[in-house]
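Residue numbers (the numbering used here), protein chains in the order written: chain A, 137 to 362; chain B, 87 to 412. Beta carbons: idealized from backbone N, C-alpha and C, even for Gly. Since this is a predicted model, take the numbers as computed values, not measurements.
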Amino acid sequence: MEILLRQFQTKSFLSICKCLEPAYSHATSWTSGNAMLGKTLFHTSNTVAMPYNPPKGPRKWPIYNKKIFAPQLPGEERRPAYVCHMRTNIKYSPFKMWYVASMIRGMSVDEAIKQLSFVNKQGAVHVKEVLLEAQKLAVEKHNVEFKSNLWVAESFATKGLVMKGIRRHAKGRVGLVHYFHCHYFVRLEEGSPPAHFFFETAPKTTKTLLSEWVDEMRQRRIPGSL
Amino acid sequence: MPGMLNMPQDIASVIFENSIVEFVYNIYLMVRERHTKHWAPAFKKLRRLKVQKVKLPNFREEDTMSELTPDQIRSRMKEQGILPPRSWMERPITISATGAVFEPYIPPEGDGKLSSLTLGGAKQSMEFLSKKSKSMLAVRKIRSFEDNFSPSTFAEEAQDIYIKAHKALVEKDYDTLHQCVTELCFPLMTEDLKMCTTRWQFLKSLEPPRVVHARCTDIINKENIFSQVTVRFHTQQTLAVYDRFGRLIYGSEVVAKDVVEYVVFEKHLANSYGLWRIHEKIIPDWMPAREPGRKTYVQQKPVVESEPVADTVVPATPTEQSAAVA
Chain A
137 MEILLRQFQT
147 KSFLSICKCL
157 EPAYSHATSW
167 TSGNAMLGKT
177 LFHTSNTVAM
187 PYNPPKGPRK
197 WPIYNKKIFA
207 PQLPGEERRP
217 AYVCHMRTNI
227 KYSPFKMWYV
237 ASMIRGMSVD
247 EAIKQLSFVN
257 KQGAVHVKEV
267 LLEAQKLAVE
277 KHNVEFKSNL
287 WVAESFATKG
297 LVMKGIRRHA
307 KGRVGLVHYF
317 HCHYFVRLEE
327 GSPPAHFFFE
337 TAPKTTKTLL
347 SEWVDEMRQR
357 RIPGSL
Chain B
87 MPGMLNMPQD
97 IASVIFENSI
107 VEFVYNIYLM
117 VRERHTKHWA
127 PAFKKLRRLK
137 VQKVKLPNFR
147 EEDTMSELTP
157 DQIRSRMKEQ
167 GILPPRSWME
177 RPITISATGA
187 VFEPYIPPEG
197 DGKLSSLTLG
207 GAKQSMEFLS
217 KKSKSMLAVR
227 KIRSFEDNFS
237 PSTFAEEAQD
247 IYIKAHKALV
257 EKDYDTLHQC
267 VTELCFPLMT
277 EDLKMCTTRW
287 QFLKSLEPPR
297 VVHARCTDII
307 NKENIFSQVT
317 VRFHTQQTLA
327 VYDRFGRLIY
337 GSEVVAKDVV
347 EYVVFEKHLA
357 NSYGLWRIHE
367 KIIPDWMPAR
377 EPGRKTYVQQ
387 KPVVESEPVA
397 DTVVPATPTE
407 QSAAVA
């Protein structure tokens, strides 16, 4: 049965602006002014009142959060949970953000948050907020039991919007001013952080040291020989 | 004396004969100097005009959207040149399911615990629908729309719908699921399992399904009738739920469980294309609790609204002393 219902502007401007997302059939009680209907369900058709603003910026990173893995077999090692989170168009240079992003790679979440609290960079504030958000998401939506049992598996920043302004220099010369934005991406993985995240800083075993020494010795040549 | 004195403290005590000067110098060391001030302040304005100001978009606007007043939103929309939405909108609305169970069935306590072979269990199973007058009236109403309706045949159909719905849920076949389940039930069934993998098996029916309750209601008009029929199932099923990463979070694929359920089926009788669909499930208070989850949670502290504390020190009424202080 189709009935026509009028939505009167009894609600505030704010709530109207809020319900501008495309309508879908929902089972919540969407009561109008008519009290007789009570708690019935409405299956509404799609209407848009405001101009459509397409999403801007990177969108692929959160898609990793939607991947569903096949159920594990009883004997298999437990797959660690992960969560991908990002913040787009931060008013900060990606070149400066690189320092903050690379600092926390391979750290546990608690350690990273602790360190970021005392880093004298504006970008660190954003990165810390993103980490806290990601930690919350992991616990609430991605079945992570302990919020401290997470480590920073991936952390990087990319270039965002760059707006160009001008400035004058002496003798009528013109200079370009770049207003940088960056996107920050982080992936938290469940478990304790690995002992050596960076291969270069890991201590070499005696076996590798020996093989490298042997290779160096064998590479020696006598110059000018036949 | 900005930037002049950069001596270490031990030398300062030697140089300054006057201890007061030394004291002032030590205080000065604790003060931070400002290094951003230009030495020629007369040209500040010209220096500022060197760089043309560019208006950058505010990407962090949405974080604070919820705290804006309607007037602030109106002014922002004006700035961006967005017209406000129309004052009233008319939309066609289709009501295809009710929002609740009307006059729900109250299952007798301890139902399903006794075996039907015992005297008590046999008495429980002899709960005749024909002795319930209101339910029979509802059945007659349903028969006025659906000639072939009978509680005995309907019970079997209901079980088929139940199995079909659960199979569709497991396979995430939402088109079929909408055919088997009402709009109220759909989000309750699917929301938590969106990011999960489910494995469900219907092993067998321990007792034949039985219609225990029936009711009819009308929404808005007297002719727009919805009927709700409660069916009792006593079945054996297995259920295993795996999270996004394939880790078992509930149940087991091997262990079979005996399930006593009271499922409410609903049909929009006035609609010629109406179907019998699962609407709700009645879970009585005496039903034993489900298997606990395999995870620990941080208990949320209840938000205690503190009442305004009356300060007993300060008198409410002005006395001579308080007046003097004021």
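field: Beta-carbon proximity of residue 271(B) to residue 365(B), cut-off 9 Å
entry: To locate residue 271(B), count along the second sequence from 1; it is residue 185. To locate residue 365(B), count along the second sequence from 1; it is residue 279. Yes, the pair counts as a contact, with Cβ atoms nearer than the cut-off.
query: Are at least three pairs of beta-carbons, each pair with one atom in the stretch 286-304 of chain A and one in the stretch 317-330 of chain A, less than 8 Å apart?
result: A contact exists between the stretch 286-304 of chain A and the stretch 317-330 of chain A.
- prompt: Are the Cβ atoms of residue 292(B) and residue 265(B) separated by less than 9 Å?
  reply: Within the second sequence, residue 292(B) is the residue found at index 206, counting from 1. Within the second sequence, residue 265(B) is the residue found at index 179, counting from 1. The answer is no: Cβ separation not under 9 Å.
field: Alpha-carbon to alpha-carbon, residue 389(B) and residue 318(B)
entry: As a working mapping, residue 318(B) is identified with position 232 in the second sequence. As a working mapping, residue 389(B) is identified with position 303 in the second sequence. Taking the straight line joining both Cα atoms gives about 40 Å.
Limits of the alpha helix (DSSP H) - the one that residue 197(A) falls within: Indexing the first sequence from 1 puts residue 197(A) at position 61. For residue 197(A), no alpha helix (DSSP H) run applies, since DSSP gives it neither H nor E.
- prompt: Along chain A, which residues have their Cβ under 8 Å away from the Cβ of residue 72(B)?
  reply: Here chain B covers residues 87 to 412 and nothing more, so residue 72(B) does not appear.
task: Note down, in chain order, each residue of its chain lying with its Cβ closer than 7 Å to the Cβ of residue 214(B), except the 5 sequence neighbours on either side.
output: Position 128 of the second sequence, counted from the start, is the residue given in the question as residue 214(B). For residue 214(B), where only same-chain residues beyond five positions count, there are no Cβ hits under 7 Å.
query: Applying a beta-carbon distance threshold of less than 7 Å, which residues of chain B neighbour residue 302(A)?
result: Translated into positions along the first sequence, residue 302(A) becomes position 166. Simply 138.
Nearest residue (CA-CA) to residue 205(A), options 328(B), 394(B), 379(B): Within the first sequence, the letter at position 69 stands for residue 205(A). Considering only alpha carbons, the answer is 328(B).
Proximity test, Cβ basis, 9 Å: residue 87(B) and chain A: What you label residue 87(B) is simply residue 1 of the second sequence in a count that begins at 1. Reliability of the predicted coordinates at residue 87(B) is poor, the pLDDT of 48 falling under 50, and the value obtained from them is presented with this limitation in mind. No, residue 87(B) does not count as interfacial toward chain A.
- request: Name, please, each residue of chain B whose Cβ falls closer than 7 Å to the Cβ of residue 214(A).
  value: Within the first sequence, numbered from 1, the residue matching residue 214(A) stands at position 78. Within chain B, the residues placing a beta-carbon under 7 Å from that of residue 214(A) are 333, ordered along the chain.
- request: Would you give the residue range spanned by the alpha helix (DSSP H) that residue 235(A) belongs to?
  value: Counting from one through the first sequence, the residue named residue 235(A) turns up at place 99. That run of the alpha helix (DSSP H) goes 230-239.
message: Let me see if you follow: with CB-CB separation under 9 Å, is residue 325(B) close to chain A or not?
response: If you number the second sequence from 1, residue 325(B) lands on position 239. So no, residue 325(B) is outside the interface.
field: chain B contact residues for residue 204(A), given Cβ-Cβ distances below 7 Å
entry: If you number the first sequence from 1, residue 204(A) lands on position 68. What residue 204(A) touches in chain B: 281, 283, 330.
- prompt: In chain A, which residues lie with their C-beta within 7 Å of the C-beta of residue 262(B)?
  reply: The residue you call residue 262(B) lines up with position 176 of the second sequence. Within chain A, no C-beta atom comes nearer than 7 Å to that of residue 262(B); the closest sits roughly 16 Å away.
task: Could you tell me whether the stretch 286-301 of chain B touches the stretch 235-248 of chain B, where touching means 3 or more Cβ pairs closer than 8 Å?
output: They touch, by the three-pair rule.
- prompt: To the nearest angstrom, how far is it from the Cα of residue 162(A) to the Cα of residue 257(B)?
  reply: The residue given as residue 162(A) occupies position 26 in the first sequence. The residue given as residue 257(B) occupies position 171 in the second sequence. Note that residue 162(A) scores a pLDDT of 39, beneath 50, so its modelled location is shaky and nothing firm can be said.
Own chain, CB closer than 7 Å to residue 154(A), minus 5 neighbours either side, in chain order: In the first sequence, the residue the question calls residue 154(A) occupies position 18. Reliability fails at residue 154(A), whose pLDDT of 41 lies under 50, so the model's placement of it is uncertain and no value is given.
- prompt: When the cut-off is 9 Å and only beta carbons count, does residue 222(A) lie next to chain B?
  reply: Taking the first residue of the first sequence as position 1, residue 222(A) is located at position 86. Output row for residue 222(A): interface = no.
task: With DSSP as the reference, label residue 312(B) as helix, strand or coil.
output: Position 226 of the second sequence, counting from 1, holds the residue named residue 312(B). Residue 312(B) falls in the strand class under three-state DSSP.
- prompt: Roughly how many angstroms separate the alpha carbons of residue 164(A) and residue 273(A), rounded to a whole number?
  reply: Walking along the first sequence from the start, residue 164(A) turns up at place 28. Walking along the first sequence from the start, residue 273(A) turns up at place 137. At residue 164(A) the pLDDT is 37, less than 50, meaning the model places this residue with poor confidence and gives no usable figure here.
message: Could you tell me the alpha carbon to alpha carbon distance between residue 305(B) and residue 356(B), rounded to whole angstroms?
response: Position 219 of the second sequence, counting from 1, holds the residue named residue 305(B). Position 270 of the second sequence, counting from 1, holds the residue named residue 356(B). Residue 305(B) and residue 356(B): Cα-Cα distance of roughly 11 Å.
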